[in-house]
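**Student:** Heads up, our numbering is the position in the sequence shown plus 52, with the first residue counted as 1.
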Amino acid sequence: MGVVILLVMAAGVAAMLTRKLPTGFALVLLAVAIAFIAGAPLTGENSVLDTVLQEGAPALAATMVAILLGSWLGRLLDETGIAGTLVRKIVEFGGDRPVVVALGVLAVSTLVGTVTGSAPAAMLAGIIGIPAMIAVGIPKVTAAGTILMGIAAGMPFELPIWQFFSTALELPIPTVRGFMLKLFPFALAAAVLFVLVETRRRGVEHAWSLKSASAKPVSRREQLGDAPWYALLTPVVPLVLALGFEVAILPSMLAGVLYALLTTTRTREMNKRLLRTLYGAFEVAAAPMVLFIAIGILLAAVKLPGAVESLEPLVKAVSPQNPVLFVLVFTLLVPLCLYRGPLNVFGLGAGIAGVLIAAGIYPAVAVLGLATSYNQVFGVSDPTSTQTVWSAQYAGVTPQQVMLRTLPYVWAVALGGFCVTAATYL
Numbered sequence: 053m054g055v056v057i058l059l060v061m062a063a064g065v066a067a068m069l070t071r072k073l074p075t076g077f078a079l080v081l082l083a084v085a086i087a088f089i090a091g092a093p094l095t096g097e098n099s100v101l102d103t104v105l106q107e108g109a110p111a112l113a114a115t116m117v118a119i120l121l122g123s124w125l126g127r128l129l130d131e132t133g134i135a136g137t138l139v140r141k142i143v144e145f146g147g148d149r150p151v152v153v154a155l156g157v158l159a160v161s162t163l164v165g166t167v168t169g170s171a172p173a174a175m176l177a178g179i180i181g182i183p184a185m186i187a188v189g190i191p192k193v194t195a196a197g198t199i200l201m202g203i204a205a206g207m208p209f210e211l212p213i214w215q216f217f218s219t220a221l222e223l224p225i226p227t228v229r230g231f232m233l234k235l236f237p238f239a240l241a242a243a244v245l246f247v248l249v250e251t252r253r254r255g256v257e258h259a260w261s262l263k264s265a266s267a268k269p270v271s272r273r274e275q276l277g278d279a280p281w282y283a284l285l286t287p288v289v290p291l292v293l294a295l296g297f298e299v300a301i302l303p304s305m306l307a308g309v310l311y312a313l314l315t316t317t318r319t320r321e322m323n324k325r326l327l328r329t330l331y332g333a334f335e336v337a338a339a340p341m342v343l344f345i346a347i348g349i350l351l352a353a354v355k356l357p358g359a360v361e362s363l364e365p366l367v368k369a370v371s372p373q374n375p376v377l378f379v380l381v382f383t384l385l386v387p388l389c390l391y392r393g394p395l396n397v398f399g400l401g402a403g404i405a406g407v408l409i410a411a412g413i414y415p416a417v418a419v420l421g422l423a424t425s426y427n428q429v430f431g432v433s434d435p436t437s438t439q440t441v442w443s444a445q446y447a448g449v450t451p452q453q454v455m456l457r458t459l460p461y462v463w464a465v466a467l468g469g470f471c472v473t474a475a476t477y478l
């Protein structure tokens with residue numbers, strides 16, 4: 053029975069890789085198929101309709117709300133000019149010094165990455181940052197990679213990500229936060245190293261010799277005036293509350309929304325801006341929210357007693373228990389989180405994580421280390437992720453070029469995460 057479930061999972065991966073089915077739909081169909089194969093009844097306890105679909109769909113509701121709030125805050129950073137001001141100030145400070153400009157844009161990308169992820173984060177930092185880097189001679193691939201490496205460096209502090217792993221792996225927020233703090237130095241070091249090495253290794257490419265992104269029409273974001281200096285602290289507000297005062301994630305993010313509004317908006321315009329940016333946030337958050345509904349359904353399916361009983365012997369046989377083998381094996385498997393592969397935590401990887409925990413193969417906090425480390429790779433180098441596609445296309449290169457240039461650095465981040473996991477939790 054376990055072999056049949058693995059074959060169905062492989063078919064699901066194939067459907068996602070070949071784009072025969074959207075990821076969300078494929079995960080739901082996969083969950084239903086696993087439930088039936090595991091012998092789940094149609095209704096009742098541990099059933100397809102009542103347990104997998106009814107209880108699984110809202111299982112990650114807190115994460116979906118956090119994603120919406122992050123998107124809302126991202127919209128406010130865009131509309132109020134906060135993100136654009138941060139990038140412009142950095143570019144003005146850097147002048148014609150390519151490395152300084154790139155490091156400054158990297159810092160802004162990191163800050164934006166703590167607020168929201170995916171394409172919106174790339175756009176907030178990249179709309180101005182990518183043309184500015186290309187204009188001072190940064191190669192196009194390096195410019196796109198700088199944005200992505202910066203967002204990944206901020207990812208360990210992205211509060212919606214904390215909420216996702218807390219809910220999906222049934223871990224308290226302090227546990228998730230603790231591991232993320234250990235992962236952050238690896239992500240930051242890799243990002244800085246990427247800028248320092250790639251800007252020097254590739255040399256300066258003069259903007260006049262390229263079909264530069266700076267030739268693109270000036271967008272509305274670039275036409276906005278500078279936001280007040282105190283409004284630029286907006287991305288820090290949720291972090292200070294969540295990290296410094298241990299305020300819950302959703303209230304911390306709401307505080308960021310209110311701070312952005314109060315520091316940039318006249319009283320008579322607040323209602324309109326609140327509603328306009330909130331409705332815009334729903335458009336941005338719709339796709340990831342659908343995906344989290346599907347992931348919740350998949351998690352419910354793989355945790356069914358029949359599924360756990362069928363998969364436990366197979367998964368246990370191939371899961372290394374020795375810390376050194378743990379690090380070696382999972383480091384070699386890093387490419388499987390690319391191209392929506394089986395170790396992508398926002399796909400089938402979530403189901404595998406659920407099996408590892410439900411079967412007692414690894415403690416939940418060790419699975420957290422695996423999932424978050426792989427997520428650092430996916431967030432930067434996966435040619436199918438929206439932030440990678442947008443950054444590459446805006447810079448005028450292909451996502452595959454960005455993948456090849458950034459993969460060694462994020463692979464090292466994953467290795468660091470695995471080492472910490474093995475040393476601490478195994």
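For each residue, glycine too, the CB sits at the ideal point set by N, CA and C.
1) Measuring CA to CA, which of Ile182, Pro150, Gly206, Ile142 is closest to Thr162?
2) Pick helix, strand or coil for Arg392, following the three-state DSSP scheme.
3) Please report the distance separating the alpha-carbon of Pro372 from that of Val381.
4) Measure the alpha-carbon distance for Tyr446 versus Arg127 and round it to whole angstroms.
5) CB-CB under 8 Å to Thr23, same chain, minus the five flanking residues each way: which ones, in chain order?
6) Looking at the structure shown, is Ile345 part of a helix, part of a strand, or coil, going by DSSP?
7) May I ask you to report which of helix, strand or coil DSSP gives Asn427?
8) Quick one: is Arg229 buried, meaning 16 or more other Cβ sit within 10 Å of its Cβ, or exposed?
9) Are Gly296 and Pro212 closer than 7 Å when you measure CB to CB?
10) Skipping 5 residues on each side, what residues in its chain have a beta carbon closer than 7 Å to that of Val80?
11) Can you tell which of Val370, Pro435, Lys355 has its C-alpha closest to the C-alpha of Gly108?
12) Which value, in whole angstroms, describes the spacing of the CA atoms of Arg328 and Ala279?
13) Let me check you understand the geometry: is the CB of Thr251 closer than 6 Å to at least one non-hydrogen atom of the ligand ZN?
14) Taking C-alpha atoms, which residue in Ala402, Ile203, Leu155 lies nearest to Leu176?
15) What does the alpha-carbon distance come out to for the pair Glu298 and Gln215?
16) Looking only at C-alpha atoms, which of Met68, Val167, Leu101, Gly332 sits nearest to Leu302?
17) Which residues in the same chain as Leu291 place their Cβ atom closer than 7 Å to its Cβ, once the five residues preceding and following it in sequence are excluded?
18) Cβ atoms of Ile190 and Ala243: under 7 Å apart, would you say?
19) Starting from the C-beta of Pro375, find all residues in its chain whose C-beta is less than 6 Å away, skip the five residues before and the five after it, and write them out in chain order.
20) DSSP three-state label for Tyr414, please.
21) Enumerated in chain order, which unbroken segments of the beta strand (DSSP E) with a length of 3 residues or greater are wholly contained in the stretch 358-384?
22) Over what stretch of residues does the alpha helix (DSSP H) that includes Phe470 continue unbroken?
23) For Asp130, count neighbouring C-beta atoms within 10 Å of its own C-beta (all shown protein chains included) and say buried if the count is 16 or more, exposed if not.
24) Give me the Cα-Cα distance between Val18 and Leu240, rounded to the nearest whole angstrom.
25) Which class does Asp130 belong to by DSSP, given the choice of helix, strand or coil?
26) Pick out the complete beta strand (DSSP E) segments inside the stretch 211-235, 3 residues or longer, and give them in chain order.
27) Which residues in the same chain as Ala405 place their Cβ atom closer than 6 Å to its Cβ, once the five residues preceding and following it in sequence are excluded?
28) Am I right that Met68 and Ala83 are in contact with their C-beta atoms under 8 Å? What's the rounded C-beta distance?
29) Evaluate Pro394 with the Cβ neighbour count: other Cβ atoms within 10 Å of its Cβ, from every protein chain shown; 16 or more gives buried, anything less gives exposed.
30) Does Tyr282 pass the burial test, meaning 16 or more other C-beta atoms within 10 Å, or should it be called exposed?
31) With the cut-off set at 7 Å, would you say Val360 and Ala411 are in Cβ contact?
32) Tell me the rounded alpha-carbon separation between Val472 and Arg318.
33) What did DSSP end up calling Val386 once you bin it into helix, strand or coil?
34) What separation, rounded to the nearest whole angstrom, lies between the Cα atoms of Thr450 and Thr438?
35) Would you identify the three-state DSSP class for Pro150, choosing helix, strand or coil?
**Tutor:** Quick look at the numbers:
1) Gly206
2) coil
3) 8 Å
4) 20 Å
5) For residue 23 there is no data in the structure shown, the boundaries of the chain being 53 and 478.
6) Three-state result, Ile345: helix.
7) Helix, per DSSP.
8) Label assigned to Arg229: buried.
9) no
10) Ala346, Ile349
11) Nearest in C-alpha terms to Gly108, of all of Val370, Pro435, Lys355, is Lys355.
12) 19 Å
13) Ligands displayed in this structure: none; no statement on the ligand ZN is therefore possible.
14) Ile203
15) When the Cα atoms are used, Glu298 and Gln215 turn out to be separated by approximately 14 Å.
16) Val167
17) For Leu291, where only same-chain residues beyond five positions count, the Cβ hits under 7 Å are Thr166, Phe209.
18) No, they are not a contact pair.
19) Ala474, Leu478
20) coil
21) Here no run is fully enclosed.
22) First-last of the alpha helix (DSSP H) with Phe470: 451-477.
23) buried
24) There is simply no residue 18 to check, as the chain begins at 53 and stops at 478 in what is shown.
25) helix
26) For the stretch 211-235, not a single whole beta strand (DSSP E) run of length 3 or above is found.
27) Val419, Ala423
28) Actually they do not touch by this definition, with Cβ atoms about 14 Å apart.
29) Buried: at least 16 other Cβ atoms inside 10 Å.
30) Per the 10 Å Cβ criterion, exposed.
31) yes
32) 48 Å
33) helix
34) 13 Å
35) helix
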